[in-house]
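Following my numbering, the numbering of the sequence shown begins with 10 at its first residue and continues without gaps.
Take a look at the structure set out below.
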Amino acid sequence: MLKILKNILNLLLPPRCKLCGAIVEDDDTLCSDCYNKFDFITQPYCSHCGHPFDDVYQIGKNSSRMLCATCAKDKKPWFRLCRSAYKYQEESKNLILSFKFHDCTDDAKILAKWMFRAGDDIWNKGVDVIVPVPLHYSRLVKRKYNQAAMLAVELSKLTGIPVDLTHLIRHRKTRPQVEFSGHVRVKNVKGAFSIKSIKAFQGKRVLLVDDVLTTGSTLKECAKAIAKAKPKSIDLLTAARVC
Ligand SMILES: [Zn+2]
Ligand SMILES: [Zn+2]
């Protein structure tokens, strides 16, 4: 019965591609033309930070553990694993932008599906709690929703892992990171985050979620705040990354 109703509804209001509006078969999908505009990150990539390899990479004793030059040098990494679904590029920018600044909340479902796929290694290692990068209260009021939180909620639905939306907070208002580059980004978010409870993260495997990974300074500051609670591990998962 439900299926018949759904078929009738699909005839009257067919599902549409979230980017171009073309009719598609299922809800929360893109048409093949739009899908193909995304440059998904696939192997080979750094087994630690997930950075896709072009030419320069090192192969360790075990070839499944390839590390980029930065990770090979880093003796005390601040995260366990980092993964992203696709490369942030001119052609694929629209989805993230519409998601962020117009009320295209359904896009969270599409992006979360891709993130779920990209996070395979992270799920295999185990996660106890999913935590989105928080917005400052004043920006949340203005924008009405936090895109990272929506991704975290959708990922929680896909994995059954609980999401924590309350214990990591952005207590200091910061300028949007897109306005800056390099070290100014680091300075802009320095000390902007704190935790409201040690217990929420202590001994836990925490997954930090955001929409775009650019320099990583925002995620690093969030990780620093959570690290005070001595979690078991901190992983990072984003929809897109600037490569
Ligand atoms: Zn399309
Ligand atoms: Zn790396």
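Each residue gets a CB set at the ideal place from its N, CA and C atoms; glycine is no exception.
Run of the alpha helix (DSSP H) containing residue i, from where it starts to where it stops
i: Ser-206; result: Ser-206 -> no alpha helix (DSSP H), and no H or E assigned at all.
i: Val-193; result: 191-198
i: Tyr-44; result: 41-44
i: Phe-125; result: 116-127
i: Cys-80; result: 78-82
Range of the contiguous beta strand (DSSP E) that encloses residue i
i: Lys-96; result: 91-96
i: Ile-50; result: Run containing Ile-50: none; DSSP gives neither H nor E here.
i: Ile-178; result: 177-179
Nearest neighbour of residue i, chosen from the options [CA to CA]
i: Lys-46; options: Cys-55, Tyr-95, Phe-62; result: Tyr-95
i: Thr-224; options: Gln-186, Asp-244, Phe-202; result: Gln-186
i: Lys-134; options: Lys-213, Arg-148, Ala-81, Val-150; result: Lys-213
i: Asp-35; options: Leu-167, Asn-19, Arg-148; result: Asn-19
i: Val-218; options: Glu-188, Ile-243, Phe-210, Cys-43; result: Ile-243
Cβ neighbour criterion (16 or more within 10 Å) applied to residue i
i: Val-65; result: For Val-65, the predicted model reports a pLDDT of 48, less than 50, meaning its position is unreliable and no value from the coordinates is stated.
i: Leu-14; result: exposed
i: Arg-92; result: buried
i: Lys-70; result: Residue placement at Lys-70 cannot be trusted, given a pLDDT of 49 that sits under 50; what the coordinates show is reported in the next sentence. Lys-70 is exposed by the Cβ-count criterion.
i: Thr-247; result: buried
Sheet register partners of residue i (DSSP bridge)
i: Leu-216; result: Ile-139, Asp-244
i: Phe-202; result: Arg-179
Cβ-heavy atom distance, residue i to ligand 4, below 7 Å
i: Leu-106; result: Questions concerning ligand 4 fall outside what the structure shown contains, since the ligands it does hold are ligand 1 and ligand 2.
query: Using 8 Å as the threshold, is the region 167-180 in touch with the region 198-206, meaning 3 or more CB pairs across them?
result: As far as the Cβ criterion goes, the region 167-180 touches the region 198-206, which means the pair count is three or higher.
query: Touching or not, the region 227-239 and the region 187-204, by the rule of three or more beta carbon pairs under 8 Å?
result: Flag = yes, the region 227-239 and the region 187-204 touch.
- request: Please determine if the region 127-143 and the region 154-173 are in contact, where contact requires at least 3 C-beta pairs separated by less than 8 Å.
  value: Segment contact: the region 127-143 against the region 154-173, three or more CB-CB distances shorter than 8 Å; contact assigned.
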